[in-house]
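Below is one structure, written out as structure tokens; comments come after it.
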Amino acid sequence: MANKIIELRNITKSFDGQVVLDNISLDIYDNEFLTLLGPSGCGKTTLLRLIGGFETPDAGDILFMGQRINDLPPHKRNVNTVFQRYALFPHLNVFDNVAFALRERKVPRQEIDQRVEEMLSLVALTGFEHRSVTRLSGGQQQRVAIARALVGRPRVLLLDEPLAALDLKLRKDMQQELKKIQKATGITFVFVTHDQEEALSMSDTIVVISEGRIQQIGASQDVYNEPKNAFVADFIGESNIVDGVMRQDRSVSFSGQTFVCVDEGFAPNEPVDVVVRPEDVDIVPPEAGMLRGVVTSVTFMGVHYEVIVDIGGFKWMIQTTDFVDVDEHIGLVIEPDAIHIMKKSEYSGLYGDYASFSNEFDELSDAESEADE
Amino acid sequence: MKRASKIFTALMFIFLFAPIAILLLFSFNEARSLSVFSGFSLKWYRELLRDTETLKTVRNTLVLAVCAAGVSTVMGTAAAVGIHRMRSRYLRSALDMVTNIPMINPDIITGISMMLMFVFVSRLLGLANSLSFVTLLIAHITFCLPYVILQVLPKLRQMDASLPEAAMDLGCTPWGAFWKVELPELMPAIVTGMIMAFTLSLDDFVISYFTTGTGFQTLPIRIYNMTKKTVTPDMYALATLIFFVILALLLLSNLTDSEDGQKVRAARRAKRAAGRRAPMSPRTRRILYAGGGTLALAALAASLIFAVTETDDRPPVLNVYNWGEYISDGSEGSMDVVKEFESWYRQQYGRPVQVNYTTFASNEDMYAKLSSGAVSYDVIIPSDYMIARMIAEDMLLPLDFDNIPNAQYISDDFRGLYYDPDNAYSVPYAYGVVGVIYNANVVDQADTGTWDLLWNEKYAGQILQFNNSRDAFGTAMYRAGLDVNADDHGPWDRALDDLLEQRSVVRSYVMDEVYNMMESGEAAVAPYYAGDYFTMLDAQADTVDLRFYYPEPTNFYIDAMCIPSCCQNKELAETFINFMLSEGPAIANAEYTYYASPNTLVYENQAYIDYMGQEAMDILYPDWGGFTEKYNAYAYRNLPFDTLNYINSLWETLKIN
Amino acid sequence: MNKKARRGSLVTGVTSAPYQLWAVIFIVVPLIFVAYYAFTDNDFRFTTDNITRFFTATSSVTGAGGATGEVRTYMVIVWRSVRLAFLSTVVCLLLGYPLAYIISRASDRAQKTMMTLIMIPMWMNFLIRTYAWMTILQDTGILNNLLAALHLGRVHIIGTETAVVIGMVYDYLPYMILPLYSIMAKMDHRLIEAARDLGCAPAGVLRRVILPLSMPGVVNGVTMVLIPSISTFYISQKLGDGMFFLLGDAIEGQYVAGNLHFAAAIAFILMVALLAAMGVMRRLTDKYTYGGQ
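Those protein sequence lines, which keep their order, are chains A, S and H.
Numbering-wise, our numbering puts 106 at position 98 of the first sequence, and it's gapless, one number per residue.
Numbering-wise, our numbering puts 39 at position 40 of the second sequence, and it's gapless, one number per residue.
Numbering-wise, our numbering puts 273 at position 270 of the third sequence, and it's gapless, one number per residue.
What follows is the structure, given as structure tokens:
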């Protein structure tokens with residue numbers, strides 16, 4: 009890959025005796041779109057603030073192009089931030105907000121005009137120069153914040169949940185736009201979000217964080233298809249996670265049956281977590297199924313139905329385009345490459361059962377935006 | 000950077016607390032001085048506790064502050080809620096503007112404007128007593144209101160408009176929603192507003208100065224009126240006590256806060272970073288509620304008590320209006336004359352009487368209040384020229400000397416004086432003669448003896464002059480042999496020239512500051528009254544040796560007891576005057592003030608002579624060689640308004656040079 | 004606004020009725036009385052003499068070189084009052100601004116403590132506080148004794164304009180700090196971080212972000228200091244050694260001399276001038292601060 013821009017080495021940080029980041033090591037490469045993904049309070053914002061220079065680590069080093077920058081104040085770092093809820097200067101208009109960093113560097117007037125115009129056209133705000141920032145819509149404020157952070161041509165742009173305050177439609181558009189801007193400028197983006205869909209659709213690399221520790225680093229597909237543990241599997245997409253035992257290479261038993269799978273390298277009879285994505289399960293008549301169960305609920309989701317099936321007391325979620333009725337007995341078929349095996353971890357048994365599942369519940373925990381430090 | 004800001008902060012707090020440290024230190028001073036520390040003593044605290052008049056003004060101040068804070072909090076909160084919901088944009092901005100007026104207007108204008116209105120209205124309605132606790136309370140409420148409103152209004156604007164809607168949705172009536180949801184949200188702002196109102200009311204002097212009336216004096220006014228004599232260290236003791244009470248209250252509130260505060264504080268810190276509003280701990284909320292409730296209740300109770308005691312059948316009240324520090328008040332083991340009168344009266348007549356003793360800082364100050372017609376006093380003690388003026392303006396009542404038999408003990412020297420030739424309106428209380436006080440360690444004996452010492456360039460920068468026009472002009476006119484009561488402008492212009500010439504050698508124009516400056520050696524020459532010389536002598540620093548002489552000619556003044564025409568109980572007033580003339584009280588007053596007494600019962604009394612010492616007796620009661628003639632020749636007389644006005648403008652000329 | 008107007012008509016307006024009445028009777032009417040007295044003579048006949056006198060009365064003064072000249076008495080007084088008030092306000096701002104800033108950046112507990120400490124002196128009577136300053140500043144006072152003990156020589160402060168300014172700064176500093184602090188404490192911390200992030204050193208953050216954002220606080224603070232210091236009379240008497248005559252002294256002097264109508268005239272002129280000045284100031288700050296109120 010390309011050169012490392014930022015290296016984090018064994019970073020630890022705590023507030024009031026509470027460990028927020030625990031021994032984090034991470035490399036960030038040039039021209040990369042990297043996402044820090046995790047639930048509220050997992051420490052991802054703190055990690056971003058460490059890179060930005062607003063916090064200093066208790067232990068460990070931060071390197072920028074090979075130089076240790078632990079104690080370098082924010083204004084001397086070649087890194088800019090797009091803040092949560094933007095933090096635009098209310099006393100300055102759009103132009104002056106964007107020009108802020110350039111004025112600080114005493115860039116000649118003409119060049120300022122030219123670069124600000126460039127930035128405003130990049131974020132499609134040409135013509136808004138003299139508008140007060142307090143009279144802009146959320147999306148427009150967002151663009152000003154991005155232009156303001158980019159105008160100084162930083163090596164790295166840090167984005168702290170920049171889309172959280174936008175409504176769904178606008179958020180989707182901005183996701184595309186951010187991706188485009190990143191490609192156009194070639195600047196490394198470090199993006200913080202708790203929205204897994206957002207992370208999957210935008211990132212080159214996703215860093216999944218929970219409870220101050222990195223759970224997995226990888227490309228979008230890798231993280232989705234081969235989650236390292238139950239936490240990652242559950243946090244990214246929907247997953248049925250059941251206890252299983254690895255009989256031998258490419259053979260696993262769970263739910264009272266033995267299945268053929270594609271995983272190898274486990275000890276014989278090693279207890280494992282088995283992940284099956286809901287969309288990878290086919291519904292067949294009961295007699296043709298590898299597993300049999302009773303449908304307990306069916307929810308129409310537009311493109312597909314979300315079906316909850318009780319199999320021996322464990323509730324599975326299945327996404328299907330075929331209609332089934334509640335209380336209907338059905339059979340399930342799972343292809344070998346739909347089965348993903350994970351080593352047991354501290355998260356085993358915590359996720360993956362849809363017994364208490366409800367859509368609303370999920371929404372609630374998402375709506376609460378970041379407040380972690 | 001960090002270090003610099005720490006040093007800066009420390010310096011600022013030193014600046015803020017330096018005067019308070021001084022107060023603390025001098026409240027423990029052995030001597031009366033506020034500039035020379037002579038030894039540790041708790042005496043001023045004992046004095047303070049014995050000083051019923053001061054304690055009464057403290058009580059008054061607190062009652063006033065609590066009432067003003069209570070009423071303005073309730074009315075202000077209601078007003079804020081109303082303004083917030085007002086539909087008419089026009090009306091709202093008009094009210095906003097009016098609310099801002101008391102904040103933008105200087106105190107002195109607010110005070111004067113209210114005084115003018117009260118006085119005018121009372122004249123119109125023929126009310127005798129319109130300046131009183133009520134007017135003072137109205138004034139205080141008026142200047143406190145904006146602070147409450149401007150605390151509550153922004154809070155209302157910040158408040159989520161759907162909060163009361165949610166409450167109503169859940170079955171509350173609009174009123175219920177207000178009490179249960181909005182009011183608790185507003186509580187912190189309301190409490191802050193109330194505390195501000197309380198503080199402002201407590202510290203206000205200027206507005207009170209203009210709107211106060213009969214019988215109700217607050218602490219700041221009492222302190223201001225001590226100007227004629229000197230601010231006594233028991234005021235420092237009082238300030239120190241106030242300081243420690245506040246400190247204790249704050250510590251207490253901090254302690255109760257820290258118990259359950261930890262968790263909330265941590266949460267608050269976290270939330271603050273995320274830019275959200277901090278939650279209030281239920282405990283803080285309870286405390287705020289309890290505090291607010293208690294204060295409101297206290298306000299209500301206090302105003303009720305006040306209303307009741309004002310209207311109830313109380314013992315007859317005697318309103319006495321005197322110079323500050325001009326009566327024996329029980330300090331340092333002296334007789335508390337006012338208290339003594341009350342108990343004597345009860346013994347004599349078998350029924351109680353209550354004396355309301357209040358003070359003024361100058362004759363003019365007193366005259367301004369009396370002539371406004373908005374106050375009512377029974378006994379006043381003005382100076383001679385003011386008595387003449389008040390007689391001329393029909394403001395005094397002739398005395399019935401059958402009720403004042405003790406008037407016979409007044410020396411014959413004090414009968415038939417110009418201001419009251421028929422001895423009908425006044426009985427002399429004390430008299431004084433202006434002399435020159437000097438520090439013998441600085442001033443050559445050879446330079447003393449005449450008024451010229453005040454103009455002597457040898458002592459430039461160490462000479463003090465009176466800070467009031469009449470007395471300052473007097474010194475120049477006696478020196479130049481001019482008539483101090485001249486009607487035409489010539490002599491005054493001439494005196495102004497002399498005063499302008501003197502200005503370059505004058506250190507300061509002073510009233511009560513003369514004490515500090517002479518005692519500490521800050522200044523070496525000052526014209527002042529013989530009696531006050533002894534007060535200074537008691538407190539002079541080791542390096543200072545104060546002496547005194549009378550230049551010729553000089554000013555004589557007499558302060559006499561009179562009954563103003565607004566008197567409500569003339570017989571009682573005369574009884575009081577008679578009591579003041581009897582031996583015990585008269586001697587107590589003379590010993591307390593150090594001024595010469597016209598009462599033979601005093602200056603012929605051996606105990607009094609022994610107490611004062613022969614040296615002091617020689618200075619206070621020299622052989623004048625015809626007191627009456629000298630007095631009538633040199634004492635100040637009442638001047639016509641135009642002349643006074645002219646002197647006033649000359650005085651301003653002197654001051655702006 | 005619509006929402007607010009729609010609901011709770013029961014409570015609307017009525018609750019502010021007592022205040023409206025109060026405001027008219029005790030705020031507006033007294034001001035009319037000031038105007039009435041200002042434009043009448045002792046017999047309540049209309050006259051503009053009081054006003055004219057204020058602007059035209061002259062005194063002869065002797066300059067430094069011994070030359071005498073005519074000056075307009077009250078213009079001299081006004082000029083001196085304005086100058087001293089302005090000076091005190093500037094000093095209050097220069098001292099109060101950094102202090103308010105330091106406090107607003109301290110920990111919660113320290114903020115609370117320091118703000119209480121700043122409030123405490125306000126609870127002690129201001130006449131007594133001023134008196135204590137006399138003890139400190141006079142030639143044989145604490146300050147000079149301290150300087151002498153340190154072999155730094157003596158300073159003559161009492162009776163100078165400096166002493167009056169010190170007194171005013173001392174008494175009115177809390178009025179400067181309070182509004183500044185409250186606006187700085189509320190200031191969004193992320194704006195400061197954003198500025199740092201965009202390359203501002205701490206000094207730049209102060210100049211380019213905190214200062215402009217705290218302008219409303221500055222305006223409030225300046226107003227709250229300027230107004231009492233332009234009209235004070237006690238401080239100038241005590242710490243100025245009676246050597247200076249300020250507007251407040253003039254008003255009080257006329258009141259004590261029984262010249263109510265002229266006192267009202269001076270008050271009236273002062274009031275009109277201040278209201279005009281405040282109007283201009285509000286307009287300017289509305290223009291130069293974002294959003295307005």
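Heads up, the beta-carbon is just placed ideally off N, CA and C, and yes, glycines get one too.
query                                                                                                                                                                                                                                 : result
In chain S, which residues lie less than 7 Å from ARG132 of chain H when you measure between Cβ atoms?                                                                                                                                : PRO18
Compile a chain-ordered list of the residues in the stretch 172 to 203 of chain S whose CB is closer than 8 Å to at least one CB of chain H.                                                                                          : PRO173, TRP174, ALA176, PHE177, THR198, LEU201 and ASP202
So is the beta-carbon of THR51 of chain S under 7 Å away from any non-hydrogen atom of the ligand HEM?                                                                                                                                : The model depicted lacks the ligand HEM and carries no ligand whatsoever.
Let me confirm a value: HIS154 of chain H is counted as buried when at least 16 other C-beta atoms fall within 10 Å, else exposed. Which label applies?                                                                               : exposed
Can you give the Cα-Cα distance for TYR508 of chain S and PHE39 of chain S, rounded to whole angstroms?                                                                                                                               : 32 Å
Does any residue of chain A bring its CB to less than 8 Å from the CB of ARG199 of chain H?                                                                                                                                           : yes
For GLY74 of chain A, tell me which candidate among A:ILE225, A:LEU16 and A:PRO81 has the shortest Cα-Cα distance.                                                                                                                    : A:LEU16
In chain A, which residues lie less than 9 Å from GLY207 of chain H when you measure between Cβ atoms?                                                                                                                                : HIS83 and GLU112
Can you give, in chain order, each stretch of the alpha helix (DSSP H) that sits fully within the stretch 197 to 254 of chain S and has at least 4 residues?                                                                          : 205 to 210 and 218 to 224
What first and last residue would you give for the beta strand (DSSP E) that runs through VAL306 of chain A?                                                                                                                          : 299 to 308
Measure from the C-beta of LEU140 of chain H to each C-beta in chain A and report whether the shortest distance is under 8 Å.                                                                                                         : no
Check the Cβ of ALA238 of chain S against every Cβ in chain H and list those closer than 7 Å, keeping chain order.                                                                                                                    : MET127, ASN128 and ILE131
Tell me which residues share the same chain as HIS312 of chain A and place their Cβ nearer than 7 Å to its Cβ, disregarding the 5 neighbours each side in the sequence.                                                               : GLN327, THR328 and THR329
Note down, in chain order, every chain S residue with its Cβ under 7 Å from the Cβ of TYR178 of chain H.                                                                                                                              : Correct list: empty, because the minimum Cβ distance to chain S is about 11 Å.
Alpha carbon to alpha carbon, what distance is there between ARG108 of chain H and PHE7 of chain S?                                                                                                                                   : 14 Å
Just curious, the alpha helix (DSSP H) that ARG49 of chain S is in, first and last residue?                                                                                                                                           : 42 to 49
If you pair each beta-carbon of the stretch 86 to 93 of chain S with each one of the stretch 262 to 271 of chain H, do three or more pairs fall below 8 Å?                                                                            : no
Secondary structure at THR98 of chain S, three-state DSSP: helix, strand or coil?                                                                                                                                                     : helix
Using 8 Å as the cut-off, can you tell me whether the stretch 135 to 145 of chain H makes contact with the stretch 236 to 243 of chain H, which would need three or more C-beta pairs spanning the two stretches below that distance? : yes
Any idea if PHE58 of chain H is buried or exposed, counting beta-carbon neighbours within 10 angstroms, 16 or more meaning buried?                                                                                                    : exposed
Can you pull out the residues from the stretch 152 to 174 of chain H whose beta carbon lies closer than 8 Å to at least one beta carbon of chain S?                                                                                   : ILE161, GLY162 and TYR173
Within 8 Å (strictly less), CB to CB, does MET246 of chain H reach chain S?                                                                                                                                                           : yes
Can you tell me the Cβ-Cβ gap for ALA68 of chain S and CYS143 of chain S, rounded? I've got them flagged as a contact below 8 Å.                                                                                                      : 7 Å
In chain H, what lies closer than 7 Å to ALA109 of chain A by C-beta?                                                                                                                                                                 : LEU201 and GLY202
Strictly below 9 Å CB to CB, what residues from chain A border GLU255 of chain H?                                                                                                                                                     : The premise fails here: GLU255 of chain H is roughly 42 Å from chain A at the closest Cβ pair, so nothing lies under 9 Å.
What is the residue span of the alpha helix (DSSP H) that CYS143 of chain S lies within?                                                                                                                                              : 132 to 157
May I have the straight-line CA-CA distance separating LEU495 of chain S from VAL79 of chain H, to the nearest angstrom?                                                                                                              : 18 Å
Kindly indicate if chain H contains any beta-carbon less than 8 Å away from that of HIS312 of chain A.                                                                                                                                : no
Give a yes or no on whether the minimum CB-CB distance between THR89 of chain A and chain H is below 8 Å.                                                                                                                             : yes
Over what stretch of residues does the beta strand (DSSP E) that includes MET516 of chain S continue unbroken?                                                                                                                        : Segment 512 to 519 is the alpha helix (DSSP H) holding MET516 of chain S; no beta strand (DSSP E) there.
Could you tell me whether the stretch 101 to 109 of chain A touches the stretch 127 to 138 of chain A, using the rule of 3 or more Cβ pairs below 8 Å?                                                                                : yes
Give the straight-line distance between the Cα atoms of GLY25 of chain A and ASP66 of chain A, rounded to the nearest whole angstrom.                                                                                                 : 11 Å
Would you list, in chain order, the members of the stretch 50 to 67 of chain A that have their beta-carbon closer than 7 Å to a beta-carbon of chain H?                                                                               : GLY60 and PHE62
Could you give the DSSP three-state label for CYS657 of chain S: helix, strand or coil?                                                                                                                                               : Chain S is shown only over 0 to 656; residue 657 of chain S falls outside these bounds and no answer can be derived.
I want to verify the contact list: residues of chain S whose CB lies under 7 Å from the CB of ILE230 of chain H, in sequence order.                                                                                                   : ILE103 and PRO105
Beta-carbon of PHE320 of chain H versus every beta-carbon of chain S: anything under 8 Å?                                                                                                                                             : Residue 320 of chain H cannot be examined here, being either before or after the span of chain H that is shown, 4 to 296.
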